[in-house]
Amino acid sequence: MSGLVGDGASARDCELEVGPPPLSLPLLAGVRDGYERWAPTYDEFPNPLLAREERHVLPLLPVLRNRSVLDVACGTGRWLACLMAGDARLAVGVDLSSAMLRVAGEKKDLFGKMVQGDCLRLPFRTSTFDFLICSFALGHMQDLRSVAKECSRVMKPGADMFVTDLHPEAYAKGWRTGFRDQRSAVHVQTVPHSAEDILRAFHAASCACVTHVGLCLGEAEQSIFAKAGRQQLFQTACRVPAILFCHLKQVSKAKAYRRVL
Ligand SMILES: C[S@@+](CC[C@H](N)C(=O)[O-])C[C@H]1O[C@@H](n2cnc3c(N)ncnc32)[C@H](O)[C@@H]1O
């Protein structure tokens, strides 16, 4: 089981609270170094957080046929592949990590669909996309307002945006974005953001909140814990809101202004 939390998974995260102390402290890695090391195994192990997120987001995806879609911080292209399956006219992923993009590029359908870049300076024209997803990445970004501004800039007015991240309550309980490989446990540097911080940043960038919700792990994720031999941690993990999901909509500046009034 791989994961975005603890020393390799949400189950392992609970180990920080209820299990024996870790033998050695996890290495804290910067984003580029962390994903350089994580990339080769990122897709390899089932991850309960990604599974729970997909369970929530998949049914909410809009019809994408002939639309232009952007996967911001696409990593190994998990969502990009899914968006492309929806017959989008233009589907693009952008990510900072060349290692993650290399893994994505090895997937037949994704080759040539990604570009290396920073969310703070998206390499796209203004008002290009009809739909955007940014999954489990905001926590790596300190300057939320600049990210929100860039995302908003490249979206067409009225476009939907789905943003997910590790829930701040989970972060407060010690869950971390990270993994374990043969050498050690690694945590990738993150900054927790509250829902209010995220919504405020996007609102300032002319994006209205359609809905936001905290998602807990559920029975569907139990088998991932069981296969990892972490069954005993499952119930505890389920009690913590694990994922923050926000649905935002790009609104024109005039409309956003009117809403505030
Ligand atoms: C946990 S991974 C998520 C990948 C993918 N969205 C998914 O859900 O599987 C976080 C990704 O964010 C990327 N990232 C972090 N900071 C970034 C930035 N400033 N600009 C672009 N990508 C960034 C990392 O390189 C990494 O691939």
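So the mapping is simple: the numbering used here equals the position in the sequence shown, first residue as 1, plus 321.
Where is the CB? At the ideal position from N, CA and C, for every residue including glycine.
Here the structure is a predicted model, which is why all the values come from computation and not from measurement.
- Sorting 563, 425, 378 by C-alpha distance to the C-alpha of residue 398 places 425 at the top.
- Only residues of its own chain outside the window of five on either side were considered, and among them 475 have a CB closer than 8 angstroms to the CB of residue 446, listed in chain order.
- A distance criterion of 7 angstroms places the beta-carbon of residue 476 beyond contact range of ligand 1, judged by its closest non-hydrogen atom.
- The beta carbon of residue 538 sits closer than 7 angstroms to the beta carbons of 331, 369, 373, 558, 559, 563 from its chain, once the five residues preceding and following it are set aside; these are given in chain order.
- The alpha carbon of residue 470 has as its nearest neighbour, out of 552, 495, 439, 500, the alpha carbon of 439.
- In the three-state reduction of the DSSP assignment, residue 567 falls in the strand class, which pools E and B.
- DSSP lists 506 as the bridge partner or partners of residue 501.
- Partner residues in the beta bridge of residue 483, as assigned by DSSP, are 454, 568.
- Contact annotation: residue 349 and residue 505 have beta-carbon atoms that are not nearer than 8 angstroms.
- Inclusion of residue 439 in the 7 angstroms shell around ligand 1 follows from its C-beta lying nearer than that to a non-hydrogen atom of the ligand.
- In this structure, residue 535 lies near residue 488, with their beta-carbon atoms less than 8 angstroms apart.
- The beta carbons of residue 407 and residue 441 sit about 28 angstroms from each other, so the pair does not count as a contact at 8 angstroms.
- In the DSSP annotation of this structure, the continuous segment of the alpha helix (DSSP H) that includes residue 352 starts and ends at 352-363.
- In terms of Cα proximity to residue 495, the closest of 503, 508, 449, 437 is 508.
- Between residue 381 and the set 422, 454, 433, the nearest pair of CA atoms involves 454.
- For residue 533, the enclosing beta strand (DSSP E) has its first and last residue at 528-537.
- Contact check for residue 379 against residue 413 fails: the beta carbons are separated by 8 angstroms or more.
- Contact between residue 571 and residue 429 is absent: CB atoms are separated by about 32 angstroms, not below the 8 angstroms threshold.
- The beta carbon of residue 409 sits closer than 6 angstroms to those of 385, 388, 390, all from its chain and outside the five residues before and after it, given in chain order.
- Of the heavy atoms belonging to ligand 1, none sits nearer than 7 angstroms to the Cβ of residue 435.
- Within the same chain, no residue comes within 6 angstroms of residue 493 by CB-CB distance, once the 5 residues on both sides are set aside.
- In this model, residue 527 and residue 464 are separated by some 16 angstroms (Cα to Cα).
- Contact annotation: residue 418 and residue 356 have beta-carbon atoms nearer than 8 angstroms.
- The beta-carbon distance between residue 519 and residue 561, rounded to whole angstroms, is 19 angstroms. This is too long to meet the 8 angstroms contact definition.
- For residue 459, no alpha helix (DSSP H) encloses it, and the DSSP letter there is neither H nor E.
- With respect to residue 450, residue 480 sits close: the two C-beta atoms are nearer than 8 angstroms.
- With 16 or more other CB atoms across the displayed protein chains lying within 10 angstroms of its CB, residue 522 is buried.
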